[in-house]
Structures are given as C-alpha cells and as structure tokens.
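Inspection log for the structure reproduced underneath, given as structure tokens.
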Amino acid sequence: MGLLALFRKTPSTARVAKERLRIIVAQERSARGSPDYLPLLRRELLEVIHKYVNVDPSAVQINLGHEDGHEVLELSVSLPEARRGR
Amino acid sequence: MAEIIVVTSGKGGVGKTTTSASIACGLAQRGKRVAVVDFDIGLRNLDLIMGCERRVVYDFVNVIQGDCVLKQALIKDKRIDTLYVLAASQTRDKDALTGEGVRRVLDELAADGFEYIVCDSPAGIEKGAHLAMYFADRAVVVVNPEVSSVRDSDRILGLLASKTLRAEQGNGGVKEHLLLTRYNPRRVASGEMMSVDDVKEILGLDVIGVVPESPDVLSASNAGAPVILNVESDASRAYEDAVARLLGETLPLRFVEEPKRSFFARMFGG
Chain W
1388 MGLLALFRKT PSTARVAKER LRIIVAQERS ARGSPDYLPL LRRELLEVIH
1438 KYVNVDPSAV QINLGHEDGH EVLELSVSLP EARRGR
Chain D
7 MAEIIVVTSG KGGVGKTTTS ASIACGLAQR GKRVAVVDFD IGLRNLDLIM
57 GCERRVVYDF VNVIQGDCVL KQALIKDKRI DTLYVLAASQ TRDKDALTGE
107 GVRRVLDELA ADGFEYIVCD SPAGIEKGAH LAMYFADRAV VVVNPEVSSV
157 RDSDRILGLL ASKTLRAEQG NGGVKEHLLL TRYNPRRVAS GEMMSVDDVK
207 EILGLDVIGV VPESPDVLSA SNAGAPVILN VESDASRAYE DAVARLLGET
257 LPLRFVEEPK RSFFARMFGG
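Sequence lines, in order, name chains W and D.
Residues are numbered in the working numbering as their position in the first sequence, beginning at 1, plus a constant of 1387.
Residues are numbered in the working numbering as their position in the second sequence, beginning at 1, plus a constant of 6.
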C-alpha cells in the first residue's frame, strides 16, 4: 500500500474537512449576534417585492451594522434591468 | 481569589469529564486547593470518573435548595488532600440549577479558600452548559480533531464571548484555551485526521494541550482514577503539561508526532 499511496492523487480527507469547516465556521460567525428574525424578514421582504418585480432571491441583501452607537439595518435590492415599452 | 475554570465543548463525548477530573487532580497535586463541580444535572458522571460515586450523600442541587450545607456535600478525595468533588444531582427537574444558586455556591467555595474551581459542563447549549460557563474566568474548550466537534466548539466560543458575566461586564471576557483530545499522530501524518495546526487555525485560539488517543483513558474511567494519575501513560503526561501551561509555564507540545519506528518495524509491519 505504501508505494501505491505515492501515486494516488486524491486529496486527503483531513484537508477536505478543514476546507469545509473553514467555510461553515466563517458563515456561522458572520450570522452570530444578528437577531433571529433576519432570515424571516428577508424572506417576507422578498415575497412583497416579488409581487411587483420579478427579482432573484439573491438580489435582496440584508446587513446589520453598527454606526455611531446605533444599529443600522441596511437593505439593498438590485432590480432587474427595466424593459422598454412597459 | 478563586479562579473559576469551565471545561466545555458543546459536543458530547469528546472528553470533558475526563479532562475536568485530570485538570483538577493535576492542580491539586501541585498543592492548590481545588473543587471540581459537576454541572450535568440529571446525568451525573464526574463522581464515577473520580471514583467517589459511593460516597455521594448530598449534591449540588441539595446545597442550592438548602437541604444541606456546602461542607456536607463536598467529597474529599482519598488520594489528594486538597481536592474536593461536588457531585451533580440526579433529579430530572431541569430548573433545579438557578443562576443565583450557582453564584452562591461558587462564592462560598471561594470564601472557603478554594484557589481553583473546575466546572465540568454538560454537553449542549442548554441551561446547565450556560450556567457552567457564566461565572468562569477561563474556559478550556475540549475538541476532537473532527468536523462536528470543531464546529460545535466554535459555537461555544461564540457563547463564551457573549453569554458570560465577564463578557457582559466587558472586562476582557473569559480567557479561552483549546485542548485537543483523542489525537492520533499516525492518522494526522497520513492525512486522515486534522492536525493541531488545522484546528488552531480554524478556531483561532491557543492550544493548552494535546492529549493523544490512548487506551489508558478507558482503563482510568473503568478504575475510577483520573488518567493523569497513571504516570506511565502518555495521556497523563499530556494532561500534566496542560496543567503546567494553565499555571503559566511555557512548554513545547508533546505527542503530536508519530513515534519514529525502526527500519525493521516498518519493513515487517507492526
């Protein structure tokens, strides 16, 4: 097995584990501390917007930041390009 | 002033109780007055690992509810003079532990002259785990080099940074350390297990100890003698090092590399 292992090119499972963890841990850390209602707020906003404009789910971004001691809820919606004649 | 150390992890079965018992013993062997407290209400096990299960008369909840005084519930270790155990209760009542009650017991232990109070946290992030960490000055986060354990540890680090008295007071927070257990240098070398450095990098924390996977840990719990007392064992030496580092010594990590095997051993297997 020793010799064969030298020629095998599959990435080690430890490296796979580390990569997966790096991503999920970073994602969970960024969500930490934000209120629990953010995902629900995002979904409901998306539904409302969807009634008027056909937007992609990823077009709605919600961020909670801090500025001068205030909490700032930042909402950005990128609308698809308007078609002429409507 | 007593220093309160919580041993926590989020995930179950990673070695919290084994670690609490060994760290408490190690500190006491160095002459410190130590109380080790089981916060796992309903699933008491520290008493078994410490080998004092038949001497439990009163427990943590009895003290909180005033059924006895603290002195009656503290079990003096038969091996080390300065070591005492406070067992968890076997009640199914989840609300038996209260923040106020825990604070009172910890204050009383400190007033009694205990220098270290080791809090053995239950798994999970429920009340018991919350109260085990709430009053801590330091945290030893026990982690196995395995995906679910590492992720849960990160979750616990988030709680230590927000849901503790020190975090709320904003005076530097809880001092956090990582302790890796079930470490297998051979599997790390062959790429089957994450290394100390991998785990350290993901969690961004200093490592206070690496305990190699060892059959001695099971033998120790079978016998009710914390593994640190088995001086022949690598696990014992690793815990000794961790205790020394907790006390501020700087030591290189041991048992993180595969022991060198002779040419013949490699040729003929083994």
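Quick reminder that beta carbons are idealized off the backbone N, C-alpha and C, glycines included.
- Linking residue 120 of chain D to residue 30 of chain D through their CA atoms gives a straight-line distance of about 12 Å.
- Neighbours of residue 1411 of chain W across chain D, judged by C-beta separation under 8 Å: 157.
- With 16 or more neighbouring CB atoms inside 10 Å of its own CB, residue 134 of chain D falls in the buried class.
- If you check the CB distance, residue 1447 of chain W and residue 1427 of chain W do not come in under 9 Å.
- With respect to the 9 Å criterion, residue 145 of chain D and residue 180 of chain D are classified as neighbours on the basis of their beta carbons.
- DSSP, reduced to helix, strand and coil, places residue 255 of chain D outside both helices and strands of the structure shown, so it counts as coil.
- Scanning the stretch 112-151 of chain D for uninterrupted alpha helix (DSSP H) segments of 4 residues or longer gives 133-140, listed from N- to C-terminal end.
- The C-beta separation of residue 1442 of chain W from residue 1464 of chain W comes to about 7 Å, placing the pair in contact by the 8 Å criterion.
- A Cβ of chain W is located within less than 9 Å of the beta carbon of residue 209 of chain D.
- Across the stretch 171-200 of chain D, CB contacts with chain W closer than 9 Å involve 193, 194, 196, 197, 198, 199 and 200, in sequence order along the chain.
- As the crow flies, the alpha-carbon of residue 248 of chain D is around 19 Å from that of residue 88 of chain D.
- Interface annotation for the stretch 1446-1468 of chain W against chain D: empty, criterion Cβ-Cβ distance under 7 Å.
- Contact of residue 1408 of chain W with chain D by beta-carbon distance below 7 Å involves 153, 156, 157 and 208.
- Beta-bridge analysis with DSSP links residue 185 of chain D to D:148 and D:215.
- Beta-bridge pairing by DSSP links residue 81 of chain D to D:91.
- Residue 164 of chain D belongs to the set of residues whose beta carbon lies under 9 Å from a beta carbon in chain W.
- DSSP links residue 1460 of chain W through a beta bridge to W:1451.
- One alpha carbon belongs to residue 75 of chain D, the other to residue 125 of chain D, and they sit about 19 Å apart.
- In this structure, the CA atom of residue 13 of chain D is about 29 Å from the CA atom of residue 265 of chain D.
- Contact annotation for residue 1419 of chain W against chain D: 164 [CB-CB distance below 7 Å, chain order].
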